[in-house]
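The structure appears right after this line, and notes come after that.
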Amino acid sequence: MDTPIKLGIIGCGIAARDLHLPALQKLKHKFEIVMVCNHTEPKARAFAELVGGVPYVLDYHELLQQKDVEAVDIVLPIHLNYQVTKDALEADKHVLVEKPLAANLTEASAMLEFEDRYQRVMMVAENFRYRETFHRLKSRLQSGEIGAPYSVFWNVFHLVDSSNKYAQTRWRIHHQYPGGFITDGGVHNIAALRYLFGEFIAGNAFTRSINPEIGKLDTLSFQFKTEQHVNGVFNVFFSSNGYSENRVIILGDRGSFLIEDNTILWQRSGLPDQKEQIDDDGGYIEEFLDFYNGIRHQKMISSDFREAFRDLEIIIKALETADSGLSVRF
Ligand code: NAP
């Protein structure tokens, strides 16, 4: 039997505690957390205790020097992804780094060269690539249930204000990357849209800032077209005070899907609606399993740096069209 991967976690904040740790606790036969790191001691200590009393360090270089750490899970402010990933690969560790790949396209493209330079598994924790809802949806689209899909609308209307846990992280409010919350959250939706409808080929966007308390931008309306002849609009309004929704509408020439709360509603004119509730835990367990299989069984991972680069490139270029007033070909 394969031994568990000895894992070091760098960054002991919200995502490490609320998203990664619960998945890792279900995968104890695959991963053993051997050390954690946070640059501020109270958070490092509290997380180390939560993990079960593992050692902690305040400087990630110290964690990277540990011979028994085989792989690292980087869960840091986005602007640190490039340097810490590079240092981890230099130290011969396999890397799982949280999305978005990097803080800008210059650093993200430099990271694309890592694959040739380092013989380690490198993966981006884009959990939407592993969500069962999108796997089910893709297979239902491929089986032709709604005929040829021609349009998709994804609305994320939600208020993010200073009471939101993510808006309490200083690095998000004083973001050192374009788009703030829009980029941070929007890469997820772009990843899912690309998975379902193929590469984006053109688009243009409008942006607004309604609540400057949460950074420079909170509102994006992005119209696009994909290589599979699907036109779409992605609206992400973290400024929506009162009204709230997160739904995807897909129109095909023989029916439509409405996706909300991990439920797929299939509607066709003249026929009864059909509903499927998907067991979707957010994809975090599948994501770690993919990382594990990449390391232990040399399997191809789904969420490589190339995919994450493309997600980031699309959202950043969409934001640029809002500034320039010109549409973009991707
Ligand atoms: P967070 O709560 O601020 O966590 C980041 C942690 O890193 C903090 O505990 C911070 O400590 C620590 N840190 C900062 N600089 C450090 C350094 N140089 N060395 C060691 N530790 C350092 O942020 P988060 O919400 O967890 O987000 C972290 C990452 O996860 C981001 O990439 C984000 O996009 C991603 N994320 C993904 C999802 C998802 O669903 N996939 C959801 C949320 C977040 P201090 O707070 O003490 O400065």
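-15 is the number of the first residue of the sequence shown in my numbering; add one for each residue after it.
All C-beta atoms in this analysis are idealised placements derived from N, C-alpha and C, irrespective of residue type, glycine included.
Every value quoted in this text rests on a predicted model; they were computed, and no experiment measured them.
Between residue 113 and residue 286, which are expected to be in contact by the criterion C-beta below 8 Å, what is the C-beta distance as a whole number of angstroms? Indexing the sequence shown from 1 puts residue 113 at position 129. Indexing the sequence shown from 1 puts residue 286 at position 302. Contact between residue 113 and residue 286 is confirmed by a C-beta separation of about 5 Å, below the 8 Å threshold.
Could you tell me if residue 309 is buried or exposed, where buried requires 16 or more neighbouring beta carbons within 10 angstroms of its beta carbon? Here residue 309 refers to the residue found at position 325 of the sequence shown. Residue burial is scored here from C-beta neighbours: residue 309 has fewer than 16 other C-beta atoms within 10 angstroms and is therefore classed as exposed.
With 16 other CB atoms within 10 Å as the buried threshold, where does residue 268 fall? Looking up residue 268 in the sequence shown gives position 284. A buried status is given to residue 268, since no fewer than 16 other beta-carbon atoms sit within 10 Å of its beta-carbon.
On the DSSP bridge assignment, give the partners of residue 259 in chain order. Walking along the sequence shown from the start, residue 259 turns up at place 275. Paired residue(s): 249.
What does the alpha-carbon distance come out to for the pair residue 330 and residue 54? What the structure shows of the chain is the stretch from -15 to 314, and residue 330 is not part of that stretch, so it cannot be assessed.
Any 3 or more C-beta pairs closer than 8 Å across the region 100 to 110 and the region 216 to 232: With the cut-off at 8 Å, the region 100 to 110 and the region 216 to 232 do not touch.
How far does the alpha helix (DSSP H) with residue 122 in it extend, from its first residue to its last? Reading the sequence shown from its first residue, position 138 is the one you call residue 122. 116 to 126 is the span of the alpha helix (DSSP H), which, as asked, contains residue 122.
Element boundaries [alpha helix (DSSP H), containing residue 173]: Counted from its first residue, the sequence shown places residue 173 at position 189. From DSSP, the alpha helix (DSSP H) with residue 173 extends over 165 to 181.
If you draw a straight line from the alpha carbon of residue 281 to that of residue 305, how long is it in whole angstroms? By one-based count along the sequence shown, residue 281 stands at place 297. By one-based count along the sequence shown, residue 305 stands at place 321. Roughly 42 Å between the two C-alpha positions.
Can you tell me where the alpha helix (DSSP H) holding residue -9 begins and where it ends? Within the sequence shown, residue -9 is the residue found at index 7, counting from 1. No alpha helix (DSSP H) contains residue -9, which is instead part of the beta strand (DSSP E) from -11 to -6.
Report the rounded CA-to-CA distance for residue 209 versus residue 145, giving the unit in angstroms. Here residue 209 corresponds to residue number 225 of the sequence shown, with the count starting at 1. Here residue 145 corresponds to residue number 161 of the sequence shown, with the count starting at 1. Cα to Cα, the separation comes out at about 31 Å.
I'd like the list of long-range same chain contacts for residue 395, defined as Cβ closer than 8 Å, with 5 residues on each side in sequence excluded. No statement about residue 395 is possible, as the shown extent of the chain runs from -15 to 314 and does not include it.
Give me the DSSP bridge partner(s) of residue 283. Here residue 283 is taken as the residue at index 299 of the sequence shown, counted from 1. Looking at the DSSP output, residue 283 sits in no beta bridge, so it has no partner there.
Among -11, -2 and 0, which residue has its Cα nearest to the Cα of residue 16? By one-based count along the sequence shown, residue 16 stands at place 32. Nearest C-alpha to residue 16: -11.
Helix, strand or coil at residue 314 according to DSSP, with G and I counted as helix: Residue mapping note: residue 314 aligns to position 330 of the sequence shown, counting from 1. Residue 314: coil per DSSP, three-state reduction.
I need the boundaries of the beta strand (DSSP E) containing residue 231, first residue and last residue. Here the question's residue 231 lines up with position 247 in the sequence shown. In the DSSP assignment, residue 231 falls within the beta strand (DSSP E) that extends over 229 to 236.
Using only the alpha-carbon positions, how far apart do residue 20 and residue 80 sit? Numbered from its first residue, the sequence shown carries residue 20 at position 36. Numbered from its first residue, the sequence shown carries residue 80 at position 96. Each residue's CA atom was taken as its position, placing residue 20 and residue 80 some 14 Å apart.
Indicate whether at least one CB of chain D lies closer than 7 Å to the CB of residue 64. Here chain D cannot be found, since the structure has a single protein chain.
Whose CA, out of 82, 88, 76 and 87, lies closest to the CA of residue 99? Here residue 99 corresponds to residue number 115 of the sequence shown, with the count starting at 1. Per the Cα distances, 76.
Are there any heavy atoms of the ligand NAP lying less than 6 Å away from the beta-carbon of residue 175, as far as the coordinates show? As a working mapping, residue 175 is identified with position 191 in the sequence shown. Every heavy atom of the ligand NAP is 6 Å or more from the Cβ of residue 175, so no.
Inspect the beta-carbon positions of residue 224 and residue 142 and report whether they are closer than 7 Å. For the purposes of this step, residue 224 is identified with residue 240 of the sequence shown, where counting begins at 1. For the purposes of this step, residue 142 is identified with residue 158 of the sequence shown, where counting begins at 1. Yes, Cβ-Cβ distance for residue 224 and residue 142 is below 7 Å.
Count Cβ pairs between the region 126 to 137 and the region 236 to 244 that sit closer than 8 Å; are there 3 or more? With the cut-off at 8 Å, the region 126 to 137 and the region 236 to 244 touch.
Beta carbon of residue 165, beta carbon of residue 199: below 7 Å? Along the sequence shown, one-based indexing puts residue 165 at 181. Along the sequence shown, one-based indexing puts residue 199 at 215. Yes. Within cutoff.
Count the other CB atoms, across all protein chains shown, that sit within 10 Å of the CB of residue -13; report buried if there are 16 or more and exposed otherwise. Residue mapping note: residue -13 aligns to position 3 of the sequence shown, counting from 1. Residue -13 is exposed by the Cβ-count criterion.
Closer than 6 Å to a non-hydrogen atom of the ligand NAP - does that hold for the CB of residue 44? Taking the sequence shown and counting its residues from 1, the one referred to as residue 44 is at position 60. With a cutoff of 6 Å, residue 44 counts as near the ligand NAP, since its C-beta is closer than that to a heavy atom of the ligand.
Suppose the cutoff is 8 Å on Cβ atoms and the five residues either side in sequence are ignored; what does the same chain contact list for residue 173 look like? The residue you call residue 173 lines up with position 189 of the sequence shown. 112, 138, 140, 218 and 220.
Kindly list the residues whose CB is nearer than 6 Å to the CB of residue 283, restricted to its own chain and excluding five residues on each side of it in sequence; keep chain order. Here residue 283 corresponds to residue number 299 of the sequence shown, with the count starting at 1. Excluding positions up to five away in sequence, the list reads 277.
Please state whether DSSP places residue 197 in a helix, a strand or coil. For the purposes of this step, residue 197 is identified with residue 213 of the sequence shown, where counting begins at 1. Shown here, residue 197 sits in a helix according to DSSP, grouped into three states.
How should residue 203 be labelled, buried or exposed, when 16 other C-beta atoms within 10 angstroms of its C-beta is the threshold for buried? Against the sequence shown, residue 203 aligns to sequence position 219. It is buried - the Cβ of residue 203 has at least 16 other Cβ atoms within 10 Å.
Using 8 Å as the cut-off, can you tell me whether the region -6 to 1 makes contact with the region 27 to 36, which would need three or more C-beta pairs spanning the two stretches below that distance? The region -6 to 1, when compared against the region 27 to 36, does touch it at the 8 Å Cβ threshold.
Backbone secondary structure at residue 274 - three-state DSSP: Counting from one through the sequence shown, the residue named residue 274 turns up at place 290. Under the three-state reduction of DSSP, residue 274 is assigned to helix.
Across which residues does DSSP place residue 57 in a beta bridge pair? Against the sequence shown, residue 57 aligns to sequence position 73. -7 and 80.
Given residue 289, which residues of its chain have a CB within under 7 Å of its CB, disregarding the five upstream and five downstream residues? Residue numbering aside, residue 289 sits at position 305 when the sequence shown is read from its first letter. Result list for residue 289: 85, 95, 96, 98, 99, 106 and 108, in chain order.
Three CB pairs or more closer than 8 Å across the region 148 to 168 and the region 57 to 70: Verdict: yes, contact present.
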